[in-house]
Each structure stands twice: as C-alpha cells, then as structure tokens.
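Residues in the sequence shown are numbered consecutively from -4, following our numbering.
We treat Cβ as the ideally placed atom computed from N, Cα and C, and that holds for glycine.
All values derive from a computational prediction rather than experimental measurement.
These notes concern the structure reproduced below.
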Amino acid sequence: MKRSDLFFSAFLVPTDYIMLILSGVFVYFLRFTAFTSLRPVIYEIPFKQYFISVLSIALLWLGIFALAGLYNLGLKRRFSREVPKVFLACSMGIMLVVAFIFFEREYFSSRFIVLAAWVVSIIFVSVGRALVHIFELLLYKKGKNLEPVLILGQDETTKRIIDYLKNNPGAGYQILGNPKSFSSLQEKWSGRTAEVYQVIQTDSFLERSEVLKIIEFCQEHQIIFRYAADIFDFLASNVQMEEINGVPIITLGQTALCGWGKIAKRFIDLIGAFLILVFLAPLFLLLGIIIKIDSHGPVFVSLKRIGQKNRPFQLYKFRSMVPNAQKLKKELLKHNERKGPLFKMKNDPRITRFGRFLRKTSLDELPQLFNIIRGEMSLVGPRPHEPEEVVNYARHYKRLLAIKPGLTGLSQISGRSKLSFREEAKLDIYYIENWSLLFDLQIMLMTIPVILTAKNAS
C-alpha cells in the first residue's frame, strides 16, 4: 500500500464526516424555513441542540461506514462500487436513529427530517466521495500517484491488459515493462526491484513451478504479486479480486499488516514506546551509571541492523560487551554453536560482568524504544538481524524482511537463544502471515514472565 493511496483512503473519513454534518444542517433549514409554508411547524427543535446531535450521530455513522467496507484498503476504489455501500450504510444508520427516537421518551414529531436526512445523506456522501475520486483521477491523468507495475506474460490476455492500461491513464497504473517469463524478470529487474510496486502475471500458460518462482521473487523483494484468475486455482487464501477491462485479476496478499492495521500498529507503537520510556526513565539512569562503573566505554552502542524491505538502520542497545566486540567476533566465528547464519556462543568472552545480567534480563534491549519512536522498529515483530547474516539468508527466509523488526516477538518468547535459526524463522514467518492486534497483545503479555524469569535468555 503506497502512502498516497493510504492518504486518499484516510481522507475519505473526514470527507464523509463533513458531508454527513452538512446533510444534517441542510435538512434542518429545509424543514424549518423552506417547507414551513407547506406544513406549519408544531414543535421546533433548537438548532444548537440539533447540531450537537448531528455531530454525535455522524460519528456513529462513520463506524457503520467502516463496517460496510467503505474504508477498506488494498484495491483501487471504484465509485460505482461505493455508491451501493453508501446506500446500505446510510440506510442502516437511519434505522438506528429511528430506533433511538422510538425508545427515547423526549418528543420528536418531524418525520420529514428523518426521511429527508436519509435521502440527503446518501446524495451528499456520494458527492463528497465523487469529488475525492475525481481529484485522484486528475492526478493519474497527469502521471502522478501511478502504481509502477510489470505485466508478466505474452498471450492475448497480456496484450489486452497492456493495451487497456496504456490507453486509460485514469486506471492508475504505470507499465514499467513486460517480462515474458521468470528468467527475464530476474535478469532485467533483480537490481531494480525498488522501482516496482507490483507484478501482474497474466499468462495462463506458464508452468506452475515457474509461477511459484515468480511469487518467491516478489516475496523476497516485497513486491505485490497479482495474477489472472484462471492460472492459480490452488491458491485460495488471503486473496482479493478485481477486474481490468473484463479480465479477473487476483491480488495475493503478503501480510495482514497493511492499510488500517499498519496505522493502528504504528499508533500503538508510538504511544506504547513513549509511555514505557517515561515510566522507565529512572531505570535508564541507574543502568547507565552501573555500566560506566562496570567497564570502560559508552553507555549505549549503535549497531547496524537490517529492517523492513532490506533497509539498514542503527539499532540502539545498552552496552553489554567490551568496546571492540565486533572485531573480536571475526576471531570467534569458528566457535559458533548455532546452525544457520546467526552467531551464538555460550560464555562469550566479549560480554562484560554487568552485561551478562543485562542480557539475561533483556534490559540491554530497552534503548530500542528509541528505534520504535523513529519508525525503524515495532514493539512486536521478528528479531532484527545483522547485514552479514541477511546476506546468507536462503531466498524464502527473506520473507522476514516484509515488516519492521520488533523489540519482542513470537520467536523471542518461544525459546529465544535455544531456538535454531530455522525454528526462529518459522515462528516469525508465522507471525507475519497471521498478524493481528490481538496477536500482538498476547505476545506482549507473554513477554513479561519471560523477562522476569530470564527464561531461555542468551
């Protein structure tokens, strides 16, 4: 999900809210000014009281709109598909208003306002969304906010889609190229994957094994993979479908962490990290003093790690090793006790006396809260790994780079240092593919006893 797409989807929320308020105000003045000659007012509602009610009802309706799927992310919005949803959501909203009036003891006689509010809200909300949609289309036609895409294939369906997208800039796609097979995709685009947002595989005659290679390539480079509906019937989960010029196109989901889930997780990360930092500020000071007393060197260390989409970042930790630990690591590689690309060594001589306590309790990782605030990490996610380790990853393990690394995670609470790299990766990939806010909460709660008991700590 591109930031621009996320912006337009998020922009619909205040747009809908404003249009709902305007529709409520419009209906009020319609009833108590324009229509008074047709039907005299028996009981006039004070505008201030009415307006406060409209503000509250509009907020309730936004929740109904969300449940109706009007703020769903992932596929391009189509106005023709939104109007029926607006109709149903407004109808449900007005039914709740009618039910409230029925059970409310306070007298309310204006059936006109209720009926007119239903019709006018549908019109106003639809007009507001149409204006947003028109503005987005204008950007597309000017070559802005387009999704860079590779169309993979060489059959008639491929030609049909390419011709349609080239002749219809309003569709919102920028065709970067037309690789004919996996080999041409890998040869021409391996070094340019940052330019590609998605790959649409339209050739139904490709071998299943080749399609699997294409999917693996896309997952390795965090590229969205989509395909024509008739080529991959055996993939039935985590998919979304739309059509381009009559051709069914299926989007193969990468992770649940997109759209509103991504926003919610980031919000929780920011609030959570800030509150923990404030609460633990005295502990930070105490640990810093002990580290300085225990050994020479800085309190904090900055280590290069690889984050989401293979982006390097500087990870912060309390220093638990001697200052020249990285240089000594090369000499100790022959003593690596762990299978896979990660280095682990029992009784590592580089660790200081107080550093052993920090590692056993995981307190050395607390400064990563600053990485979370900077947006480089999350409270929950895969363990961040070193650049030289990532280079040695098998292709399917690069799935670990699909999301931000975490301060804690499923692998960290499931054995930590006792896990093999393969077991750790399997757990982290499971987390990525099954993410939810509830899952994050469970992991954070399970982290507390793991830290307190120093269970399986390195």
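In whole angstroms, give me the CA-to-CA distance for residue i and residue j.
| i | j | result |
| --- | --- | --- |
| K136 | R261 | 32 Å |
| F227 | R203 | At F227, the pLDDT of 42 sits below 50, so the modelled position is not reliable; the number obtained from the coordinates is stated separately. Roughly 8 Å between the two C-alpha positions. |
| A94 | Y66 | 26 Å |
| P307 | F177 | 28 Å |
| L405 | N342 | 25 Å |
| F212 | R378 | 22 Å |
| A189 | K183 | 13 Å |
| T246 | R351 | 47 Å |
| S232 | L432 | Residue confidence is low: S232 scores 48 on pLDDT, short of 50, so the model does not pin down where it sits. Its coordinate-derived value is still stated next. Going from the Cα of S232 to the Cα of L432 covers about 20 Å. |
| L134 | L160 | 15 Å |
| N140 | V127 | 14 Å |
| A420 | N305 | 16 Å |
| V20 | I96 | 18 Å |
| N162 | A5 | 29 Å |
| L132 | M90 | 34 Å |
| S290 | T347 | 7 Å |
| L62 | L298 | 43 Å |
| V191 | S179 | 15 Å |
| D435 | G370 | 17 Å |
| I219 | I210 | 9 Å |
| L280 | Y425 | 37 Å |
| L275 | R354 | 17 Å |
| Q217 | R394 | 8 Å |
| L207 | G148 | 14 Å |
| G138 | Q437 | 44 Å |
| L8 | M14 | It should be noted that the sequence gives Val, not Leu, for residue 8. Roughly 10 Å between the two C-alpha positions. |
| I239 | F295 | 53 Å |
| G256 | N173 | 32 Å |
| N429 | L422 | 11 Å |
| F229 | G64 | In this prediction, F229 has a pLDDT of 38, which is less than 50 and means its spatial position is unreliable; nothing more can be read from the coordinates. |
| F3 | L55 | 21 Å |
| F24 | A259 | 39 Å |
| G123 | V109 | 21 Å |
| E237 | I244 | 5 Å |
| Y168 | Q193 | 10 Å |
| Y388 | F416 | 10 Å |
| P444 | E418 | 21 Å |
| I427 | F42 | 51 Å |
So, using beta-carbon positions, are residue i and residue j closer together than 8 Å?
| i | j | result |
| --- | --- | --- |
| E360 | K287 | no |
| I285 | F349 | yes |
| H380 | R314 | no |
| L364 | L272 | yes |
| L68 | Y12 | no |
| I408 | T442 | yes |
| V81 | S18 | no |
| L310 | N366 | yes |
| D111 | V22 | Looking at the sequence provided, one finds Ala at residue 111 rather than Asp. Result yes, Cβ atoms of A111 and V22 sit closer than 8 Å. |
| K399 | Q303 | yes |
| I368 | A223 | no |
| V317 | R345 | yes |
Measure the beta-carbon distance from residue i to residue j and round it to whole angstroms, keeping in mind my assumption that it falls under 8 Å.
| i | j | result |
| --- | --- | --- |
| I59 | M87 | 5 Å |
| R390 | E205 | That pair is no contact at about 15 Å. |
| R26 | F107 | 5 Å |
Against chain D, does residue i count as a neighbour if the rule is that its beta carbon must be under 8 Å from one of theirs?
| i | result |
| --- | --- |
| L180 | Looking for chain D here will not work: only one protein chain is present. |
The stretch 153 to 170 in contact with the stretch 188 to 201 per 3-pair CB rule at 8 Å: yes
At least three beta-carbon pairs within less than 8 Å, the stretch 116 to 125 to the stretch 143 to 150: Counting Cβ pairs under 8 Å, fewer than three are found: no touch.
Three-pair Cβ contact test at 8 Å for the stretch 38 to 48 versus the stretch 68 to 82: no
Runs of beta strand (DSSP E) lying entirely within the stretch 273 to 300, each at least 3 residues, in chain order: none
Ranges of the beta strand (DSSP E) found wholly within the stretch 16 to 97, counting only runs of at least 3: none
Given 8 Å, three or more beta-carbon pairs between the stretch 260 to 279 and the stretch 358 to 374: With a cut-off of 8 Å, the stretch 358 to 374 and the stretch 260 to 279 count as touching, because enough Cβ pairs lie within range.
Secondary structure, alpha helix (DSSP H): runs of 4+ residues fully inside the stretch 410 to 450: 416 to 428 and 432 to 448
Segments assigned alpha helix (DSSP H), at least 4 residues, entirely inside the stretch 126 to 198: 151 to 162 and 177 to 184
Inside the stretch 340 to 395 only - beta strand (DSSP E) runs reaching at least 3 residues: 373 to 375
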